[in-house]
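Sequence order for the protein chains is A and B.
Start counting the first sequence at 1; every next residue gets the next number (the numbering used here).
Start counting the second sequence at 1001; every next residue gets the next number (the numbering used here).
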Amino acid sequence: MTNVSEIRKKTKLIVKKYSGDKSALIAVLQDIQEAFNYLPKDALATAAKALGIPVSRVYEVATFYTAFSLKPRGEHVVKICMGTACHVRGAAAIQDKMERTLCIKPGETTPDRKFSLETVNCVGACALGPVVVINTEYHGQMTMAKVDKIIGKLKEGGAQS
Amino acid sequence: MVNLIIDGKNVTAQKDTMVLEAARSAGVNIPTLCAHEAISRSGSCRLCVVEVKKGNRTRIVTSCLYPVEEGLIVDTRSERVQNVRRLVLELLLARCPKSEVLQKLAADLGVDPHPRFVPDTDKGKCILCRSCVRVCEEVVGVSAIGMSSRGSHKTVGPPFKEASSVCIGCGACVYVCPTGHIVMQSTGDKRKIWRRTFKMQACEKCGKYFAPVDQLKFISKKTGTPYKELAVCTECR
Ligand code: SF4
Ligand code: FES
Ligand code: FES
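This is the structure in structure tokens:
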């Protein structure tokens, strides 16, 4: 776990990258999430101060977008698309299978911090439905077997394919 | 000066005033919740809707945000207006069934809770108008509270749902909240609000607890007035 002073230091560097520009708040939050895999409270407080925005306002933005997480997330963030196209192509069954494979529900993280599960609404790849996005990689035409295969690989610590 | 007609009356109003103010000065009452003189307008409650007619186009607008115009014809109680207003109130009432203010408004306007809208049980009396957030930012200047999340999960309060370190316990949010959602308890030398307990200052002359120490410190810092001078309540000053 990163400690508080390190979180503050890294956050200050991120804000500096945008020359302390208020309007870059979302970009700053994205970079913070990239650096720590979630938005630590100390990072939000530090960013607020450095940007000259009230913490309450930063918190509003951080909680508004579902892309931001205020809780630590797993090494692999599994997003199941629940959009209309994916839904009619069986996203619910994929979700069910994924929940059983990872033993967690959407919004949760496995105890070993390896996986987090999330549901999203349309990732813009409807033709490939049902879609599962793991970290930044898109997996189209998902099936039960593919869930086992992909998650199995990640569990072994292998690279995604 | 701008001339317009509100409910058949000829009204003259200053340029840049809103239809709501023009109507009020002409003695026409329009129900409102979120328009408050202390803060900027947000147009969030939608209760103040009226029908405006320009040429042969009519439309429904929020009177608290619609500036007066030469020749504008305003109807504050047409059937269309009443239907919209009724719907708005039904929805607000379904969100905050326990709000006495909404209940009274509903009674006054003859609106009953609509069975189509299942009442919420977890929203308190908050209609999410943001008035409290605005007063905290615009008037008090500390921005201790804000909204969190969105959609049906949206709530108001201090960030991280924890006691705010910048809140001064002034109670301005309680004062502007139209529906009585915010709870502030002042008992003896303590005041509780937004998950925090403030120590109250006793008036140096009459001994009455009249304001949180943190608020007086804040004012002292802002205005440069020595704290000692502020530690006397307004009645003894
Ligand atoms: S607490 Fe009151 S003032 Fe604040 S958003 Fe809710 S209804 Fe509006
Ligand atoms: S609905 Fe899943 S990608 Fe569009
Ligand atoms: S009073 Fe106009 S929208 Fe609330």
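The beta-carbon is built from N, C-alpha and C at its ideal position, and this holds for glycine as well.
Residue range V132 to I134 is occupied by the beta strand (DSSP E) that includes I134 (chain A). When C-beta atoms of the region 87-102 of chain A are compared with those of the region 115-123 of chain A, three or more pairs fall below 8 Å, so the two segments count as touching.
For K41 (chain A), the chain B residues whose C-beta falls within less than 8 Å of its own C-beta are F1160, listed in chain order. The three-state reading of DSSP puts Y59 (chain A) in helix, counting H, G and I together.
Between A1026 (chain B) and V1011 (chain B) a beta carbon distance of about 5 Å is seen, short of the 8 Å cut, so the two are scored as contacting.
Interface residue (Cβ-Cβ distance to chain A less than 8 Å): S1131 (chain B) is not classified as such.
Taking 8 Å as the upper bound for CB-CB distance, L39 (chain A) and I32 (chain A) are in contact here, some 6 Å apart.
If you look at A1094 (chain B), you'll find it in the alpha helix (DSSP H) that goes E1079 to R1095. Sequence-distant Cβ neighbours of I104 (chain A) in its own chain, meaning closer than 6 Å and more than five residues away, are T110 and L117. Under the Cβ criterion of 8 Å, E60 (chain A) is counted among the residues facing chain B. A1035 (chain B) has its CB nearer than 7 Å to a heavy atom of ligand 3. Within its own chain, the residues whose Cβ lies closer than 7 Å to the Cβ of R1195 (chain B), once the five positions on either side in sequence are excluded, are P1158, E1162 and A1163, listed in chain order. When Cβ-Cβ separations below 8 Å define contact, I1145 (chain B) makes contact with chain A. Residue pairing by DSSP puts G1146 (chain B) in a beta bridge opposite B:G1157. In the structure shown, the three-state DSSP call for I1073 (chain B) is strand. Short of 8 Å from the beta carbon of P1031 (chain B), and not among the five residues preceding or following it, lie these beta carbons of its own chain, in chain order: L1047, C1048, R1085, L1105, D1108 and L1109. Between ligand 1 and the CB of P1158 (chain B), the shortest heavy atom gap is not smaller than 7 Å.
Around the C-beta of A1013 (chain B), 16 or more other C-beta atoms lie within 10 Å, and the residue is accordingly described as buried.
Taking a Cβ-Cβ cut-off of 8 Å, the neighbours of S1149 (chain B) in chain A comprise T63 and F64, given in sequence order.
Interface annotation, S56 (chain A): in contact with chain B, CB-CB separation under 8 Å.
Beta-carbon to beta-carbon, R1134 (chain B) and S1042 (chain B) are separated by about 7 Å, close enough to satisfy the 8 Å threshold. For L1087 (chain B), the CB stays at least 7 Å from every heavy atom of ligand 3. In this structure A67 (chain A) is not in contact with I80 (chain A), their Cβ atoms being roughly 15 Å apart against a cut-off of 8 Å.
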